[in-house]
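There are 2 protein chains.
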Amino acid sequence: MNPLNRQAIERLMHYYYCIQEEFINLNSDCPVLSSSQLAKHLALDDSQVRKDMAAIGVKGHRHVGFDANEVVDKIRQSLGFTQNYPAVLLGAGRLGGALAAYEGFNTFGLDIVALFDADQRKIGLSISGHIIQPLEQLEPVIKRNHIHLGILTVPSETAQELTDRLIKAGIQVLWNFSPARLSVPDNIFIRHEHLFVGLGQLSYYIKKINNPES
Amino acid sequence: MNPLNRQAIERLMHYYYCIQEEFINLNSDCPVLSSSQLAKHLALDDSQVRKDMAAIGVKGHRHVGFDANEVVDKIRQSLGFTQNYPAVLLGAGRLGGALAAYEGFNTFGLDIVALFDADQRKIGLSISGHIIQPLEQLEPVIKRNHIHLGILTVPSETAQELTDRLIKAGIQVLWNFSPARLSVPDNIFIRHEHLFVGLGQLSYYIKKINNPES
DNA sequence: TAGATTGTTAATCGATTAACAATC
DNA sequence: TAGATTGTTAATCGATTAACAATC
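Line by line, the protein sequences are chains A and B.
Residues in the first sequence are numbered from -10 upward in steps of one, following our numbering.
Residues in the second sequence are numbered from -10 upward in steps of one, following our numbering.
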């Protein structure tokens, strides 16, 4: 199977969410969707949808469409949701707490097994079933549980230092919510959720509302 | 001035953050940067940087580079950070609280003036100086303060309904943190922070670690 | 001056869209 | 069957990269 590029993975995620919301369990036990239906929901071209289906090995039925359950299964296989993967979360503030408490992520295989915080006063507190641990426990917990994924919801000042510790302890995939641009070795995969980037678009659009000609 | 596309705005935001971190106030009161320096920091091509500078009207100096302060100023003007813009935030949960409390957004002109929640028990509580108000106050607050931007950190079940109310009340720009795909009229700008999309990439990469050949 | 850097045009690249034969 | 839908190749489009003259 050819590797999936960034855009394809993003589209697959939208298909996955959309199909479960709109096509599954509505009024049929064998729901069917056509490429043009799905394309319309997500504002894509229908041949794009058919290419993506081919990329994950779903065969459609001419004159009928694709089997919605099969599409969902193949997306789960292609993106790896069939196996749960454990993660550590660093920074048990409001954002970290929100991520730890959000159950919707389970659907995608994510299993946050441990929370850490530098603030001594938070140690021992519990967020939706997880006890906040001190950073000294970071390395043993990662090794004991064979964890590959680290989630960073810490202030940008400590983000690089903690990233280095995570990588040293064996973490290979990072999900960064701090505004910091972190440097990591080539073999480490890092996804940044740089929320401030979105503000650029919002601000630009608001400026245009107030100032239509410029 | 030509309109800026999505990618250009995103790059400008990274320039803005990077320049303030790395170039300003280090050891000079007239800091200078070359397109290749900036490009290296952000893993871009240097001609891309020069094109972006041209797009926002910054003139470089041959043999020298660009004036860092001028670049920052022109980005602020181009994206509209020079004027603060007020916003309402709906959903004072952990994520909403994190956004309301994050001061870094002020740098980009964002000013969250009011928090709302459907939960009666939260009404009157305060998050970093903002009192949580009941949803009945939504329309009068938006109109009184001439607010254009609405931030949604509510569960996906109520997201569409609240979106409709916001638009009716005059909101033209939306920042959506719920996983819902919301339908809005063509003249409304909406930016989705669909965090679950990132999980697709993380999961796919973790699968490849465990399973390198496939 | 020579070397370095911008500014801009041309070339390349990759992703998206269009088209259409195959076929149920 | 006729109409609808897939599967796939070709065409288009837009963004990125390369190249290089201008010049401080």
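C-beta atoms are modelled at their ideal positions from N, C-alpha and C, and glycine is treated no differently.
- Neighbouring residues, chain B, relative to A/G139 (Cβ below 9 Å): Neighbours of A/G139 on chain B: none; closest Cβ ~10 Å, over 9 Å.
- Just checking, does the stretch 73 to 84 of chain B make contact with the stretch 136 to 152 of chain B on the three C-beta pairs under 8 Å criterion? yes
- Query: In its own chain, which residues sit with a C-beta less than 8 Å from the C-beta of A/A158, not counting the 5 before and 5 after it?
  - Reply: L127, E128, I131 and K132
- Task: Measure from the C-beta of B/K196 to each C-beta in chain A and report whether the shortest distance is under 8 Å.
- Result: yes
- 6 Å CB neighbourhood of A/L27 in its chain, flanking five on each side removed: V38
- Query: A/Y204 bridges to which residues according to DSSP?
  - Reply: Any answer about residue 204 of chain A is impossible in this case: the structure gives chain A only from -10 up to 203.
- If we cut at 8 Å on Cβ distances, does B/V143 have a partner in chain A? no
- Task: Name, going along the chain, the residues of the stretch 58 to 82 of chain B whose beta-carbon falls closer than 8 Å to a beta-carbon of chain A.
- Result: S67, L68, G69, F70, Q72, Y74 and G82
- Unbroken beta strand (DSSP E) run spanning A/F178, endpoints: F178 to H181
- Put B/S214 into one of helix, strand or coil per three-state DSSP. Outside the displayed range of chain B (-10 to 203) lies residue 214 of chain B, so it cannot be described from this structure.
- Quick one: is A/L127 near chain B, going by C-beta distance under 8 Å? no
- Task: Flag this pair as yes or no: are the beta carbons of A/G46 and A/F55 separated by less than 8 Å?
- Result: no
- Classify B/K196 as buried or exposed, calling it buried when 16 or more other Cβ atoms lie within 10 Å of its own Cβ. buried
- Could you name the residues of the same chain whose beta carbon sits closer than 7 Å to that of A/L151, not counting the 5 residues immediately before and after it, in chain order? L79, L141 and V143
- Could you please give the first and the last residue of the uninterrupted beta strand (DSSP E) stretch that includes B/I121? H119 to P123
- How is the beta strand (DSSP E) around B/G139 delimited, first residue to last? L138 to L141
- Task: Please say whether B/I136 and B/P174 have beta carbons closer to each other than 8 Å?
- Result: no
- Task: Can you check DSSP and say which residues form a bridge with A/V21?
- Result: A/D56
- Task: Flag this pair as yes or no: are the beta carbons of A/G98 and A/N73 separated by less than 8 Å?
- Result: yes
- Query: For B/E92, which option in A/L184, A/Y193 and A/N(-9) has the closest C-alpha, if you only look at C-alpha atoms?
  - Reply: A/L184
- Query: Among A/K63, A/E(-1), A/V53 and A/V21, which one has its Cα closest to the Cα of A/L33?
  - Reply: A/E(-1)
- Determine the contact status of A/V61 and A/A103, defining contact as a CB-CB distance below 8 Å. no
- Message: Buried or exposed for A/V53, going by 16 or more other Cβ atoms inside 10 Å?
- Response: exposed
- Message: To the nearest angstrom, how far is the alpha carbon of A/P201 from that of B/N(-9)?
- Response: 13 Å
- Per-residue burial, B/R170 [other beta carbons within 10 Å of its own, 16 or more giving buried]: buried
- Message: Quick check: B/L188 and A/F178, are their CB atoms within less than 8 Å of each other?
- Response: no
- A/T96 beta carbon near the ligand GDP (any heavy atom closer than 7 Å): The ligand GDP is absent from the structure shown, which contains no ligands of any kind.
- Query: What does B/V186 reach in chain A if we use C-beta pairs closer than 9 Å?
  - Reply: I(-2), E(-1), M2, H3 and Y6
- With a cut-off of 8 Å, does the C-beta of A/G93 fall near any C-beta of chain B? yes
- According to DSSP, is B/S172 helix, strand or coil? coil
- Of all the residues that make up the stretch 145 to 164 of chain B, which are near chain A by a beta-carbon distance shorter than 9 Å? S145, Q161, V162, L163 and W164
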